[in-house]
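Student: Questions regarding the structure given below will be posed in turn.
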Amino acid sequence: MGAKGLPQEPAARRTMPPFGEEHDELRDSLRRFVAAELAPHADEWERERWFPNELFPRMGELGFFGLGKPTEIGGQGGDVLHEAVLAEELAACGSAGVAAGLGAHVAIATPPVWKFGTDDQH
């Protein structure tokens, strides 16, 4: 115990409101993905002003897209905080272009399809 009886555990390892344990689990998964598959290539991708399109289906396979969308339309059934966790962790990859490119699917491309799309588009 630290000062005033507060735990010494680092803040990054404790669930902090408004996030819950499920958000922390997602954060851990995303952090591992970013460290293993994005960060090692970030400098190269920034220099080349390009990143591989294969990242989009890879993130979909891992369940990182559609986080805040209903399961009825193929989403993960989470909430806006799940999407916030995604944005935070992508920002740590070391490439603003990669973070923005992947994040655009969540924040820009998906909402109109979710709201106005046909069943086939969902």
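Residue numbering for the sequence shown follows our numbering, starting at 1094 and increasing by one per position.
Every residue gets a Cβ at the ideal spot worked out from N, C-alpha and C, and that includes glycine.
Since the model is a prediction, treat every value here as computed from it, not as a measurement.
#1: Check P1145 in the structure and name its three-state DSSP category.
#2: Taking 8 angstroms as the threshold, find out whether the region 1182–1196 comes into contact with the region 1121–1133 through three or more Cβ pairs.
#3: Under three-state DSSP, which class holds K1208?
#4: Might you give, ordered along the chain, the residues of its own chain that have their beta carbon closer than 6 angstroms to the beta carbon of K1162, omitting 5 neighbours on each side?
#5: Comparing alpha-carbon positions, which option in M1152, P1204 and H1175 lies nearest D1117?
Tutor: Working from what's here:
#1: DSSP places P1145 in coil when its eight states are reduced to three.
#2: Touching, yes, given that three or more Cβ pairs across the two stretches are closer than 8 angstroms.
#3: Of the three classes helix, strand and coil, the one that applies to K1208 here is helix, per DSSP.
#4: For K1162, same chain residues with a beta-carbon under 6 angstroms away, outside a window of 5 residues either side, are G1168 and W1207 in chain order.
#5: Distance from the Cα of D1117 is smallest, within the candidate group M1152, P1204 and H1175, for H1175.
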